[in-house]
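Single-structure report; data block below.
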DNA sequence: CACGTAGTTTAGAATCATTATAAACTAGTT
DNA sequence: AACTAGTTTATAATGATTCTAAACTACGTG
């Protein structure tokens, strides 16, 4: 089965119609060995540099949100003036190089086990994310 | 020594002139037993509800940034559409109740020691912040 | 295959947090 | 009192994100 039909299936399975735009975005996001971090603007540039048939910014926003919702992307908790996303959806963390404004993956295996001793009544833990800020 | 002169001294010691506005903001932020979380808008409302002599939004922004710079406030790494700050500047972490959009402090003592085994050449760790998302 | 419809895309407008500007003001010094 | 660097302010500008509503499209049904 080729990639396009794999993406189409993946989209259909999540209740999303496999449109040309979504397939093209899938190709940029998931058709690669390495995972990566991106902002909406980054993604828009990458996608629209690949072909003359442009995808509107609104669609990029819609699609990224849908993919995040479905768990195909993760948003990185970070104080920046724009949102950053990660195609690496495995349980992991991040370095943030404050000076260079660069994110670096920090695998779960590079961080010792994290124990949370405090409990909040009626709530359970959904995720634990660590942000390690770096300086020179 | 009264609080106003304590704040004035604190400001002067950091190279910030103790203006009426900054003192008033100090009173809101630091003249309390409990620490708290706030957005710029929250702070603006609190400050301007306390007296008829209003402080402009621009000054609130300037002051919060200056205080953050000087280490009197911390910004909380979080994906929200606005920035959140914390008057608790001790080394600690946060719960984030996704549904209720509420932040809860998580003291350092409520989290086991965090070990980062990965090293980045030429960089050292500035801070380690944990965000624990909560769900029902 | 044509049709209908719900879902999708799109350009452009609207919103909203934040930052920049530049003129008026003020703390602290001379 | 005068000076100056630092501060405040209203307002404009910016920029990311969301909204809108009209055009388009995937796809099941007849």
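Residue numbers (my numbering), protein chains in the order written: chain A, 710 to 845; chain B, 710 to 845.
Ideal Cβ positions, reconstructed from N, Cα and C, are used throughout, including at glycine.
Could you tell me the distance, in whole angstroms, from the CA atom of residue i to the CA atom of residue j?
| i | j | result |
| --- | --- | --- |
| residue 772 of chain B | residue 829 of chain A | 33 Å |
| residue 835 of chain A | residue 779 of chain A | 15 Å |
| residue 820 of chain A | residue 798 of chain B | 24 Å |
| residue 789 of chain B | residue 786 of chain A | 9 Å |
| residue 711 of chain A | residue 807 of chain A | 41 Å |
| residue 726 of chain B | residue 764 of chain B | 16 Å |
| residue 845 of chain A | residue 793 of chain B | 26 Å |
| residue 832 of chain B | residue 843 of chain A | 6 Å |
| residue 739 of chain B | residue 762 of chain B | 20 Å |
| residue 774 of chain A | residue 741 of chain B | 40 Å |
| residue 723 of chain B | residue 809 of chain B | 37 Å |
| residue 720 of chain B | residue 777 of chain B | 13 Å |
| residue 768 of chain B | residue 730 of chain B | 8 Å |
| residue 728 of chain B | residue 744 of chain A | 50 Å |
| residue 781 of chain A | residue 718 of chain A | 14 Å |
| residue 849 of chain A | residue 827 of chain B | Outside the modelled stretch of chain A, which goes from 710 to 845, sits residue 849 of chain A, for which no answer is possible. |
If I measure Cβ to Cβ from residue i and keep anything under 8 Å in the same chain, skipping five residues before and after, which residues do I get?
| i | result |
| --- | --- |
| residue 815 of chain A | 801, 802, 803, 804, 839, 841 |
| residue 737 of chain A | 752, 755, 756, 759 |
| residue 770 of chain B | 749 |
| residue 817 of chain B | 799, 800, 801, 802 |
| residue 825 of chain A | 834, 837 |
Which bits of chain B does residue i rub up against, with CB to CB less than 8 Å?
| i | result |
| --- | --- |
| residue 758 of chain A | Going along chain B, no residue has its Cβ under 8 Å from residue 758 of chain A, so there is no contact; the nearest lies around 27 Å. |
| residue 843 of chain A | 829, 832, 833, 834, 835 |
Can you give me the start and stop residues for the alpha helix (DSSP H) that residue i sits inside?
| i | result |
| --- | --- |
| residue 739 of chain B | 729 to 739 |
| residue 714 of chain A | 712 to 722 |
In its own chain, which residues sit with a C-beta less than 7 Å from the C-beta of residue i, not counting the 5 before and 5 after it?
| i | result |
| --- | --- |
| residue 811 of chain B | none |
| residue 713 of chain A | 732 |
| residue 766 of chain B | 753 |
Residues of chain B with a CB under 7 Å from the CB of residue i: which are they?
| i | result |
| --- | --- |
| residue 727 of chain A | Within chain B, no residue comes near residue 727 of chain A; the closest Cβ sits about 28 Å away, beyond 7 Å. |
Looking at the unbroken beta strand (DSSP E) that takes in residue i, where does it start and where does it end?
| i | result |
| --- | --- |
| residue 761 of chain A | It is not in any beta strand (DSSP E) - residue 761 of chain A carries neither H nor E in the DSSP assignment. |
| residue 811 of chain B | 811 to 816 |
| residue 795 of chain B | 793 to 795 |
| residue 806 of chain B | 801 to 806 |
| residue 843 of chain B | 833 to 844 |
| residue 747 of chain A | 746 to 748 |
List the residues of chain A that residue i touches, going by C-beta distances under 9 Å, in chain order.
| i | result |
| --- | --- |
| residue 740 of chain B | Correct list: empty, because the minimum Cβ distance to chain A is about 26 Å. |
Please list, in chain order, all residues of the same chain as residue i whose beta carbon is under 6 Å from its beta carbon, the five residues on each side excluded.
| i | result |
| --- | --- |
| residue 735 of chain A | 716 |
| residue 795 of chain B | 746, 783, 785 |
| residue 823 of chain A | 837 |
| residue 791 of chain B | 748 |
| residue 813 of chain B | 804 |
Contact set between the region 795 to 827 of chain B and chain A, restricted to residues whose Cβ is under 7 Å from the partner
804, 806, 807, 813, 815, 819, 820, 821, 823, 824, 825, 826, 827
Selection of the region 828 to 839 of chain A by Cβ proximity to chain B, strictly under 8 Å:
829, 831, 832, 833, 834, 835, 836, 837, 838, 839
Output, in sequence order along the chain, the residues in the region 760 to 793 of chain A whose CB is closer than 8 Å to any CB in chain B.
Residues passing the 8 Å Cβ filter: 784, 785, 786, 787, 788, 792.
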